[in-house]
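Number of protein chains: 2
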Amino acid sequence: MGKLPAKTVERLSEYRRTLINCMNHGKEYIYSHELAQFHHKTAVQVRRDIMLMGFSGVQRKGYKVKEMIDAIGRILDYKNGQNVGIVGIGHLGTAILQYFTGKRPKLRVVAIFDVDEKKTGREINGVHCYHVDTIPEVVERENIDLGIITVPPEFAKETAEGLINAGIRGILNFTTVPLNVPEDVYLEEYDMITSLEKVAYFARG
Amino acid sequence: MGKLPAKTVERLSEYRRTLINCMNHGKEYIYSHELAQFHHKTAVQVRRDIMLMGFSGVQRKGYKVKEMIDAIGRILDYKNGQNVGIVGIGHLGTAILQYFTGKRPKLRVVAIFDVDEKKTGREINGVHCYHVDTIPEVVERENIDLGIITVPPEFAKETAEGLINAGIRGILNFTTVPLNVPEDVYLEEYDMITSLEKVAYFARG
DNA sequence: ATTAAATTGTTAATTTATAAACAAAAAGAT
DNA sequence: ATCTTTTTGTTTATAAATTAACAATTTAAT
Ligand SMILES: NC(=O)c1ccc[n+]([C@@H]2O[C@H](COP(=O)([O-])OP(=O)(O)OC[C@H]3O[C@@H](n4cnc5c(N)ncnc54)[C@H](O)[C@@H]3O)[C@@H](O)[C@H]2O)c1
Ligand SMILES: NC(=O)c1ccc[n+]([C@@H]2O[C@H](COP(=O)([O-])OP(=O)(O)OC[C@H]3O[C@@H](n4cnc5c(N)ncnc54)[C@H](O)[C@@H]3O)[C@@H](O)[C@H]2O)c1
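These protein sequence lines are chains R and Z, in that order. Heads up, the numbering used here is the position in the first sequence plus 53, with the first residue counted as 1. Heads up, the numbering used here is the position in the second sequence plus 53, with the first residue counted as 1.
Okay, structure coming up:
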């Protein structure tokens with residue numbers, strides 16, 4: 054099965070977030086224009102995304118919330134799930150760890166790594182904190198697929214190399230340092246300054 | 054002067070981050086293909102972005118790092134700068150606050166807001182923490198233009214409304230709740246789960 | 001029953017974003 | 001001096017993403 058466009062994948066993730074929220078509020082059906090409004094998109098785009106993932110709604114009634122969540126899951130979730138490790142459990146790492154716990158059963162944070170002895174060797178938020186030196190063993194043993202990097206910028210490069218050598222498949226980098234990864238590792242980078250500078254630019258006349 | 058495309062604005066912000074780093078390492082000139090490589094873009098795209106912002110390099114020598122930083126500043130920075138407030142000083146809010154301090158002189162975090170009495174009334178990272186009830190006065194007095202929302206999701210909506218009523222022009226929302234804002238307020242939303250789900254999707258065959 | 005309104009699904013058109021192509025200029029080599 | 005190489009700047013072409021258009025279907029109203 055061929056991969057969907059990156060933009061569609063992003064939106065499907067966003068839709069699911071909203072759909073889960075709708076389900077928790079007891080909503081059974083949702084129209085494309087409702088979903089669109091939540092995410093500041095057009096109804097056509099929502100329907101097109103849904104078409105691309107091969108899901109169908111009911112005319113005049115909309116999309117069955119529960120079924121659509123499952124359909125998105127069949128696209129985004131990997132069969133038995135993927136395991137995630139976070140490296141650098143400072144403010145940002147902890148925020149991410151907290152944010153993830155319990156939210157996506159198929160994306161499990163199974164290990165966290167740091168160098169600070171006040172953090173290593175104990176559990177934080179129910180996840181064991183290992184020393185970074187043990188990345189090779191732990192990544193192998195716990196079958197970790199994806200890594201999130203939230204270390205101080207000067208350690209970003211070596212952290213990425215450590216993860217890649219340990220056999221990780223994808224990296225989400227929050228440090229301010231752009232990384233280089235081999236072709237078979239998928240890399241995503243995010244910088245809050247860029248987001249805020251964009252807001253700053255467009256928020257003025 | 055008309056606005057540049059959003060994608061170009063994002064990339065200019067990314068370029069500047071790297072250029073500042075290059076300058077600190079004493080680099081005087083940079084080629085388009087060098088800048089491109091850092092950000093996993095093509096050299097053509099870099100040159101096109103530079104053209105769009107009306108800057109010029111020197112043939113065979115590349116772009117003067119210092120001058121290009123200034124040129125990007127003339128696009129991204131507002132004359133006397135813009136003031137920023139962060140609402141919700143938990144793990145994420147603190148990470149953002151720390152990350153910003155000292156990085157962009159034209160984007161100043163001048164106030165932070167919370168409800169927790171252990172945080173309000175004192176300084177965190179050199180910035181005074183106010184109670185959220187004082188948002189109207191403080192936004193007015195400190196001339197705050199942009200707001201970052203990092204409160205628990207159930208308070209996201211009321212926080213946004215508070216900021217908008219106080220006269221804010223742009224919002225960066227990190228909560229899991231999609232917001233609605235009037236036309237004259239620019240809104241940007243970011244969700245780490247979406248980023249990680251994208252990584253997870255493309256990191257497998 | 002018939003008609004009107006609302007909504008999905010899909011194709012076609014448009015717009016936006018990226019990449020290719022190449023002229024012009026500068027630096028260095030012969 | 002002349003030629004070759006490298007790199008910028010800009011135009012043209014291609015590709016991707018979004019929007020518009022509309023047929024098909026369902027529900028509800030008359
Ligand atoms: N991209 C963004 O939007 C954004 C926002 C905020 C912070 N940041 C960046 O994220 C990173 C973390 O920010 P923070 O506020 O959590 O910082 P922090 O100082 O609170 O946390 C850093 C953590 O990394 C640990 N650490 C240090 N060296 C390490 C190593 N070699 N291996 C593993 N762990 C190590 C420290 O012990 C600490 O726990 C920084 O690079 C910061 O610049 C990025
Ligand atoms: N978008 C993302 O990628 C992402 C990542 C992590 C966390 N989050 C979200 O960001 C938010 C903050 O996360 P966190 O880990 O920092 O949580 P946290 O609990 O550490 O911090 C929340 C802070 O908000 C304060 N607060 C509570 N109610 C408030 C109110 N009405 N007004 C102002 N402040 C109030 C609390 O006192 C606390 O200091 C949460 O909504 C979380 O889900 C988003």
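Glycine included, each C-beta is placed from N, C-alpha and C at the ideal position.
Within 10 angstroms of the Cβ of Gly141 (chain Z), are there 16 or more other Cβ atoms? Answer buried if so, exposed if not. buried
In terms of residues, what are the limits of the beta strand (DSSP E) holding Tyr239 (chain Z)? Tyr239 to Glu242
Quick one: does Met245 (chain R) have its CB under 8 Å from some CB of chain Z? Met245 (chain R) counts as touching chain Z.
Residue-chain proximity (Gln151 (chain R), chain Z), Cβ-Cβ < 8 Å: yes
Using the DSSP secondary-structure output, state which residues sit across from Val166 (chain Z) in a beta bridge. Sequence check: residue 166 (chain Z) is Phe here, not Val. Paired residue(s): Z:Val140 and Z:Tyr183.
Could you say if the region 132–151 of chain R and the region 210–229 of chain R meet the contact criterion of at least three C-beta pairs nearer than 8 Å? Proximity of the region 132–151 of chain R to the region 210–229 of chain R meets the contact definition, three or more beta-carbon pairs being nearer than 8 Å.
Below 7 Å, is the gap between the Cβ of His144 (chain Z) and the nearest heavy atom of ligand 2? yes
Rank R:Phe108, R:Val162, R:Lys114 and R:Asn136 by C-alpha distance to the C-alpha of Gly126 (chain R) and give the top, closest one. R:Phe108
For ligand 3, is there any heavy atom lying closer than 7 Å to the beta carbon of Ile202 (chain R)? With respect to ligand 3, the structure offers nothing, as its ligand set consists of ligand 1 and ligand 2.
Residues that Glu67 (chain R) bridges to, as DSSP identifies them: None, per the DSSP bridge assignment.
Would you kindly report the start and end of the unbroken alpha helix (DSSP H) that includes Ile125 (chain R)? Val118 to Leu129
For Phe91 (chain R), which residues from the same chain have a beta carbon less than 7 Å from its beta carbon, with the 5 sequence-adjacent residues on both sides left out? Thr71
So Val252 (chain R) packs on Tyr239 (chain Z), CB below 8 Å; how close in whole Å? Contact holds; Cβ gap of about 6 Å.
Can you tell which of R:Ala213, R:Val118, R:Leu145 and R:Leu129 has the C-alpha that lies nearest to the C-alpha of Val62 (chain R)? Closest option to Val62 (chain R), Cα to Cα, is R:Leu129.
Please confirm if Ser66 (chain R) has its CB atom under 8 Å from at least one CB of chain Z. yes
Determine the closest residue to Thr212 (chain Z) out of Z:Glu195, Z:Pro189 and Z:Asn196, with distance taken between C-alpha atoms. Z:Pro189
Quick test of your reading: Ile246 (chain Z) and Ser248 (chain R), contact by CB under 8 Å. State the CB separation rounded to the nearest angstrom. Going by Cβ atoms, the distance from Ile246 (chain Z) to Ser248 (chain R) rounds to 16 Å, so no, they are not a contact pair.
Spatial neighbours of Tyr84 (chain Z) within its chain, please: C-beta separation below 8 Å, excluding the five flanking residues on both sides. Closer than 8 Å at the Cβ level, and outside the excluded window around Tyr84 (chain Z), lie Ala96, Gly115 and Tyr116.
Top-ranked residue by Cα proximity to Gly220 (chain Z), from Z:Glu241, Z:Glu250, Z:Val137 and Z:His181: Z:Val137
Return the bridge partner residues of Tyr82 (chain R) from the DSSP annotation. Tyr82 (chain R) pairs with R:Lys117.
Residue burial classification, Lys132 (chain Z) (beta-carbon count within 10 angstroms, cutoff 16): When all chains shown are included, Lys132 (chain Z) counts as exposed.
Regarding Phe227 (chain Z) and ligand 1, is the C-beta to nearest heavy atom distance less than 7 Å? No, the beta carbon of Phe227 (chain Z) sits no closer than 7 Å to any heavy atom of ligand 1.
In the DSSP assignment, what are the bridge partners of Gly200 (chain R)? R:Gly138 and R:Ile224
Ignore the nearest five residues each way along the sequence and tell me which others in Lys159 (chain Z)'s own chain have a CB closer than 6 Å to its CB. These residues qualify, in order along the chain: Asp130 and Gly134.
Taking 7 Å as the line, does the beta carbon of Asp169 (chain Z) fall inside it for any heavy atom of ligand 2? yes
Is any beta-carbon of chain Z found at less than 8 Å from that of Pro231 (chain R)? yes
Neighbour-count burial assignment, Met104 (chain Z), 16 or more Cβ in a 10 Å radius: exposed
Between the alpha carbons of Pro58 (chain R) and Glu241 (chain R), how many angstroms are there, rounded? 15 Å
Using the three-state DSSP reduction, which class does Val111 (chain R) fall into: helix, strand or coil? strand
Below 7 Å between beta carbons is the criterion; list the residues of the region 176–187 of chain R that meet it against any residue of chain Z, in chain order. none
Met106 (chain R) vs Ala89 (chain R) beta-carbon contact at 8 Å: For Met106 (chain R) and Ala89 (chain R), no; Cβs fall outside 8 Å.
Closer than 7 Å to a non-hydrogen atom of ligand 2 - does that hold for the CB of Met245 (chain R)? For Met245 (chain R), the shortest C-beta to heavy atom distance toward ligand 2 is 7 Å or greater.
Among the residues of its own chain, which have a CB less than 6 Å from the CB of Lys80 (chain R), if the five just before and after it don't count? Val118
Does Glu250 (chain R) pass the burial test, meaning 16 or more other C-beta atoms within 10 Å, or should it be called exposed? buried
Could you tell me whether the Cβ atoms of Ile217 (chain R) and Pro235 (chain R) are closer together than 8 Å? yes
Which residues does DSSP pair with Leu160 (chain Z) in a beta bridge? Z:Gln135
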